[in-house]
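In the numbering used here, the protein residues as written are 397 to 554.
Take a look at the structure:
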């Protein structure tokens with residue numbers, strides 16, 4: 397999988413993959429800038445990419461595979477291709493990680509350091525806007541979880 401992104405063709409594929417990310421939203425310029433800075437990492441099933449309460453602050457873009465978001469031992473969400481994780485570090489670099497992120501299956505992620513990301517976002521304010529919108533959406537999801545919880549056993553959605 398990782399080999400696909402090597403060489404010139406690989407770079408083009410990588411830019412395309414990053415363009416589809418929810419944070420990048422089709423912006424070619426941002427995708428190209430990111431592609432220069434990121435490091436591709438393979439994550440094996442069961443591996444923890446991020447551990448809750450640690451002080452790492454890399455930001456990840458998921459290229460393939462899915463990862464489980466775990467808070468205090470409870471799985472609260474699954475993130476998959478085109479999602480991003482760790483983006484809170486871009487907003488509050490000194491804050492400890494709020495969740496553990498564990499690969500459900502083999503994944504390919506694109507990692508960027510908080511410093512590189514911040515530098516890029518300085519010139520591309522829409523990155524912050526995308527993060528803000530995503531965080532707002534997650535907050536709504538979480539509120540829904542809280543309010544619809546008592547209805548859950550009546551119907552199972554799949």
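All C-beta atoms in this analysis are idealised placements derived from N, C-alpha and C, irrespective of residue type, glycine included.
Please name the residue in 478, 476, 447 and 520 whose C-alpha comes closest to that of residue 466. 447
7 Å CB neighbourhood of residue 401 in its chain, flanking five on each side removed: 409, 410 and 436
Of all the options 430, 398, 464 and 469, which has the alpha carbon lying nearest to the alpha carbon of residue 443? 464
Determine the extent of the beta strand (DSSP E) in which residue 433 is found, giving its start and end residues. Element bounds for residue 433: not the beta strand (DSSP E) but the alpha helix (DSSP H), 424–433.
What is the rounded straight-line gap between the Cα of residue 454 and the Cα of residue 490? 12 Å
Considering only C-alpha positions, which residue in the set 445, 511 and 474 is nearest to residue 493? Looking only at 445, 511 and 474, the smallest Cα-Cα distance to residue 493 is reached by 445.
Contiguous alpha helix (DSSP H) assignments of at least 4 residues, all confined to the stretch 504–533: 510–518
Which term fits residue 403, buried or exposed, when burial requires 16 or more other beta carbons within 10 angstroms of its beta carbon? exposed
Identify every run of the alpha helix (DSSP H) within the stretch 465–499, keeping only runs that are complete inside it and at least 4 residues long; order them along the chain. 484–487
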